[in-house]
Amino acid sequence: MKIAVANLKGGASKTTTSMFLATSLARTGARVLLIDADPQGSALGWSEEVGLGSGDALPFTVISLPVRDLPKRLGQQEGYDHIIVDTPPGYPDIVRSALLAVETVIIPLSPATVEVARLSSTLTLLQEIEAQNPVGFVVLLTRVRKGTNSAKQARATLEALGYPVLDTEIPLREQFGNSYGLVPDAGTEYDAVFGEL
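Numbering-wise, numbering that gives the first Met the number 0 puts 82 at position 83 of the sequence shown, and it's gapless, one number per residue.
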């Protein structure tokens, strides 16, 4: 399966979602390629930090391809069960290219009201490419604060608009925020995401 993790807004947990999802899939025995399509190279930088001094290694491959011809480039990537594309914020041409190359899009979204309102630019991009690639999408609520109503309210708003929202929610947790440069932990909520796709 080819999956893009996309949201045109920055700070939406795209790279964290990509890295944890790739780890979850790889730990099932799947061969996983993570493509860092972000010119900032967050996923690639994360992968290069892993193991410095500890000898640890990611259970999947990370390459950088921040290009506008991802459909062609993805067609050249063979030998993988799953390909995950970590997309950049603020580069609609690269994100559009990624959306044209995949089967499914995961849109990570913090449940704040302003985040839900800013989702429209990503959804507009999905509508623009629909004739070329009618890709399915799901919203993944991330940075959910325990004991608050924000996730319930965001879910209700999104579902009222007809947007598919995964049952799985990713909590706001230090484990995720402090995982840069480490092999992502197993047994997190991200393990349930792929089962819902």
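Even glycine gets a Cβ: it sits at the ideal position worked out from N, Cα and C.
Check	Outcome
Quick check: the stretch 90 to 100 against the stretch 14 to 32, are there 3 or more CB pairs under 8 Å?	no
Under 8 Å between the Cβ atoms of residue 40 and residue 88?	no
By Cβ distance, which residues of its chain are closer than 6 Å to residue 14, with the 5 residues on each side in sequence left out?	41, 42, 85
Looking at residue 104 and residue 59, is the spacing between their C-beta atoms short of 8 Å?	no
Assuming residue 169 contacts residue 142 (C-beta within less than 8 Å), just tell me the rounded distance between them.	7 Å
Would you report the Cα separation of residue 49 and residue 83, rounded to the nearest angstrom?	19 Å
Taking DSSP as the reference, what is the three-state secondary structure of residue 112?	helix
Can you check which of these residues, 179, 135, 1, is closest to residue 164 by C-alpha distance?	135
Hey, which unbroken runs of the beta strand (DSSP E) at 3 residues or more fall wholly within the stretch 58 to 132?	60 to 63, 81 to 85, 103 to 108
Where does the unbroken beta strand (DSSP E) through residue 172 begin, and where does it stop?	No beta strand (DSSP E) contains residue 172, which DSSP labels as neither H nor E.
Report the rounded CA-to-CA distance for residue 137 versus residue 36, giving the unit in angstroms.	20 Å
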